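Working notes, structure below.
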Amino acid sequence: MTKFLLFSDFHYGKNHYIRTVDDLEKILRRGADAGVDFVMQCGDFCIDAAHSPELFRAFLDNKYGLPVYGVVGNHDLEIADSNTTELLADLQSNRPLEKPYPEATYWYADVKNLRLIGLDTNYSQNPDTLEWEHAKPGTACCNLNNINLAFAPPEQMEWLDGVLSDAQAKGQKAVIFSHHPFSGCFIFKCTNSGEMQNLLAKYNKTAVMCINGDLHAEFYAGIQDIIYYCMTSATFFNFGLDEAGRPTRVYPDDVTYEYIDFDDAGMETDRYQRRVNSLKNDHIYYCAEPLSAIVTITNDGAVFIEGMNAGWLAGIVPQDDRKTLGFPHAPYVTDKYFKLNW
6 MTKFLLFSDF HYGKNHYIRT VDDLEKILRR GADAGVDFVM QCGDFCIDAA
56 HSPELFRAFL DNKYGLPVYG VVGNHDLEIA DSNTTELLAD LQSNRPLEKP
106 YPEATYWYAD VKNLRLIGLD TNYSQNPDTL EWEHAKPGTA CCNLNNINLA
156 FAPPEQMEWL DGVLSDAQAK GQKAVIFSHH PFSGCFIFKC TNSGEMQNLL
206 AKYNKTAVMC INGDLHAEFY AGIQDIIYYC MTSATFFNFG LDEAGRPTRV
256 YPDDVTYEYI DFDDAGMETD RYQRRVNSLK NDHIYYCAEP LSAIVTITND
306 GAVFIEGMNA GWLAGIVPQD DRKTLGFPHA PYVTDKYFKL NW
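So the number in the working numbering is just where the residue sits in the sequence shown, counting from 1, plus 5.
Here it is as structure tokens:
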């Protein structure tokens, strides 16, 4: 049996969102209390890794001694040019990772008889040169002038084929993690979702589950005997819009959260109550507590997902619920059971 804690889209940004290092501590404590084998975050962990040493210290050097892993999201390079892929490659885990080269942002690691595979889907193709380009530092998405947005490029797919073949030869089961979805069940998906589905189906007794974040909604599907599961956001879901569709402030002045300030070295310097509507993203509806899930995979291929219900911050519920193909953005993770193609 393997048990892990799963979360995604934490969106740590000290002047942008409400989540704090204390919220990360709540997530990790839930994993420790449940006795998990590791913790996995599925991208958009923060928006400024280079200037958030306190976050990565709390994650990588967590006081519970939990092994932690992560994949790169489209917002992890968002703020500064100093947020490079080389930096993120060094911050993906506190355990050794197997990579095709040291600076790679995709990897695998073996935990018990389970092979964890982390992909980087933040690539797009330059239509002039046909080169595959990673999302640039200081941006929040793939390069919009390119084609084939959110893509696992051929080099990565070839590597994945080899990693799955090796796992198959060793009798291991593999779970694939990415930020963007490969299920094809949402309006936005990896452009090569079909190619990925066919590759995983080739190893459908080995590659048993594919998990992503990104969409801030919960969804699952069975495709060619493989479970595709979308983990919702740990932080926020919906946007306040006026009748013309423009962003509008969501929370009144009396709704606050405990803000924690740090110096450049990541040492705490102050705590105080801060108005939610003072943030740059003051048009967002937040969940009251950070969301996570406990995932248990048994030795006979049963998967149990233990969810939670956080509720809306200050009880303020979106009036017009934005949905992804009919699936609501909601402040909870539902309990689920799957049977894998073992």
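Glycine included, each C-beta is placed from N, C-alpha and C at the ideal position. Note that the structure is a prediction, hence the values are computed from the model and not measured.
Taking the CB atoms as reference points, tell me whether Ala239 and Cys195 lie closer together than 9 Å.
No, the pair does not count as a contact, with Cβ atoms beyond the cut-off.
Suppose contacts are defined by Cβ-Cβ distances below 9 Å. Is Phe224 in contact with Phe191 by that definition?
yes
Would you tell me roughly how many angstroms separate the C-alpha atoms of Asn131 and Ala157, rounded to the nearest one?
14 Å
For Lys210 and Lys178, I'd like the C-alpha separation in whole angstroms.
7 Å
To which residues of the same chain is Leu11 closer than 6 Å at the C-beta, ignoring the five residues directly before and after it?
Met45, Met236, Ala298 and Val300
Looking at the structure shown, is Thr110 part of a helix, part of a strand, or coil, going by DSSP?
coil
If we call anything under 9 Å between Cβ atoms a contact, is Gly48 one with Gly75?
A distance below 9 Å separates the beta carbons of Gly48 and Gly75.
Arg62 (DSSP reduced to helix, strand or coil):
The DSSP-derived three-state label of Arg62 is helix.
Could you pull out every residue in the same chain whose Cβ sits closer than 6 Å to the Cβ of Tyr256, ignoring the five residues on either side in sequence?
Closer than 6 Å at Cβ, skipping near neighbours: Val281 and Asn282.
Tell me, please, which residues DSSP counts as bridged to Glu311.
Ile299
Euclidean distance between Cα positions of Pro58 and Tyr113
25 Å
Could you check how far apart the C-beta atoms of Ala155 and Thr126 are, in whole angstroms? I think they sit under 8 Å.
5 Å
Relative to the C-alpha of Gly87, which residue among His56, Ile310, Tyr106 and Tyr277 is closest?
Sequence check: residue 87 is Ser here, not Gly. Here the closest residue by C-alpha is His56.
Presumed contact (8 Å Cβ cut-off) between Glu136 and Asn148, rounded CB distance:
Wrong, their Cβ atoms sit about 11 Å apart, outside the cutoff.
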